[in-house]
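Notes follow once the structure below has been shown.
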Amino acid sequence: MVRRNPNAGTTLLEVLVVLAIIAMIAALAAPRLMDSFGRAKGQAAEIQLVNVDAALQLYYLDVGSYPTEAEGLGALLEAPSTGEGWQGPYLDQSNLMDPWSRAWIYHQPGSNGRFDLMSLGRDGQPGGNNEDADISR
Numbered sequence: 001m002v003r004r005n006p007n008a009g010t011t012l013l014e015v016l017v018v019l020a021i022i023a024m025i026a027a028l029a030a031p032r033l034m035d036s037f038g039r040a041k042g043q044a045a046e047i048q049l050v051n052v053d054a055a056l057q058l059y060y061l062d063v064g065s066y067p068t069e070a071e072g073l074g075a076l077l078e079a080p081s082t083g084e085g086w087q088g089p090y091l092d093q094s095n096l097m098d099p100w101s102r103a104w105i106y107h108q109p110g111s112n113g114r115f116d117l118m119s120l121g122r123d124g125q126p127g128g129n130n131e132d133a134d135i136s137r
């Protein structure tokens, strides 16, 4: 049986082997982790979209109309000049940006009714799949 000197440290080779194992584990885990972050941002966008929609509904109940496209979603934070009955703010400033730090796209009247509210996803371009997909209500 070989006795090891208690004062001996690790060798460079042992350190390199451990670093190589850590690098392999990180290389295998990183894509899954990044995919999870992307899905989380998409889910956060959907939740924020519901919050902005609810704030617009509260605004409508107080004022009797939705903010015009010129007033935009800023009307949920500060009373517009035409906002008689406004009792906001209806939303936090942080909810005016999607998870990719872009302003929500708001059109009033909308193409399918009262208003359109959307985010263009991670790439900021219309269309796309997965993280790049548009999220709208």
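The working numbering applies: residue 1 is where the sequence shown begins, and numbers increase by one. All C-beta atoms, glycine included, are put in the ideal place defined by N, C-alpha and C.
W104 and L77 - do their beta-carbons sit closer together than 8 Å? The criterion of a C-beta distance shorter than 8 Å is not satisfied by L77 and W104.
Under 8 Å: do the segment 105 to 118 and the segment 81 to 90 share three or more Cβ pairs, one atom per stretch? By the Cβ criterion, the segment 105 to 118 is not in contact with the segment 81 to 90, since fewer than three pairs of Cβ atoms, one from each stretch, lie closer than 8 Å.
N- and C-terminal bounds of the beta strand (DSSP E) containing M118: First-last of the beta strand (DSSP E) with M118: D116 to S119.
In terms of residues, what are the limits of the beta strand (DSSP E) holding Y106? Its beta strand (DSSP E) spans residues I105 to H107.
Cα-Cα separation between S65 and G127, rounded to whole angstroms: If I take the Cα positions, the gap works out to 30 Å.
Please state whether DSSP places S81 in a helix, a strand or coil. Residue state, collapsed to three classes: coil.
Taking DSSP as the reference, what is the three-state secondary structure of S94? The answer is helix: DSSP assigns S94 an H, G or I state.
Where G74 sits in the DSSP three-state scheme: G74: helix per DSSP, three-state reduction.
By how many angstroms is the C-alpha of A55 removed from the C-alpha of K41? Roughly 21 Å separates the two Cα atoms.
Any C-beta of chain D under 8 Å from that of P31: Among the chains of the structure shown, chain D does not appear; only one protein chain is present.
Can you grab the Cα-Cα spacing for the pair V15 / A26, in whole Å? The straight-line gap from Cα to Cα measures roughly 17 Å.
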